[in-house]
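Numbering (my numbering), first residue to last: 304 to 443.
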């Protein structure tokens, strides 16, 4: 959203040696926009997320722009749903980024279904961490 990911387009501007092609699809220049939303691999992950969330999260349009997509995804929904949806969007983009890094730095790759499993695992951990314990009953 803030365009801070050190994707190939930014690395090249800093004169760093790197492969300019997206490591997820090997079809287009790597930019944060492409990597998170427009890449065919990312699109497969978003399809799985949309199915898992039963439509709460929609598959981004292949031409979507990051800020417009983010704001449009969270506009006009109740605050309780907005928090959950924002978390899913963040964890999905984060896990797509981590899959990119596994491919670049570790030389291994996972199918979109594995990325979905990782998203689910992180969401479960988050839900456990965010549960507020009920206060103990007051004794009389």
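We treat Cβ as the ideally placed atom computed from N, Cα and C, and that holds for glycine.
Report buried or exposed for residue i, applying the criterion of at least 16 other Cβ atoms within 10 angstroms of its Cβ.
i	result
residue 365	exposed
residue 398	buried
residue 424	exposed
residue 345	buried
residue 391	buried
residue 335	buried
residue 323	exposed
residue 333	buried
Note the first and the last residue of the continuous alpha helix (DSSP H) segment covering residue i.
i	result
residue 433	415-433
residue 409	Unbroken run through residue 409: none, as it is neither H nor E.
residue 379	Counting along the chain, residue 379 falls outside any alpha helix (DSSP H), and DSSP gives it neither H nor E.
residue 345	343-355
Identify the residues that DSSP records as bridge partners of residue i: which are they?
i	result
residue 332	324
Could you check how far apart the C-beta atoms of residue i and residue j are, in whole angstroms? I think they sit under 8 Å.
i	j	result
residue 359	residue 388	6 Å
residue 413	residue 403	Not quite, the Cβ-Cβ distance comes to about 11 Å (not below 8 Å), so this is no contact.
residue 342	residue 325	6 Å
residue 352	residue 422	7 Å
residue 363	residue 372	5 Å
Are there any heavy atoms of the ligand MG lying less than 7 Å away from the beta-carbon of residue i, as far as the coordinates show?
i	result
residue 416	Annotation note on the ligand MG: not contained in the displayed structure, which lists no ligands.
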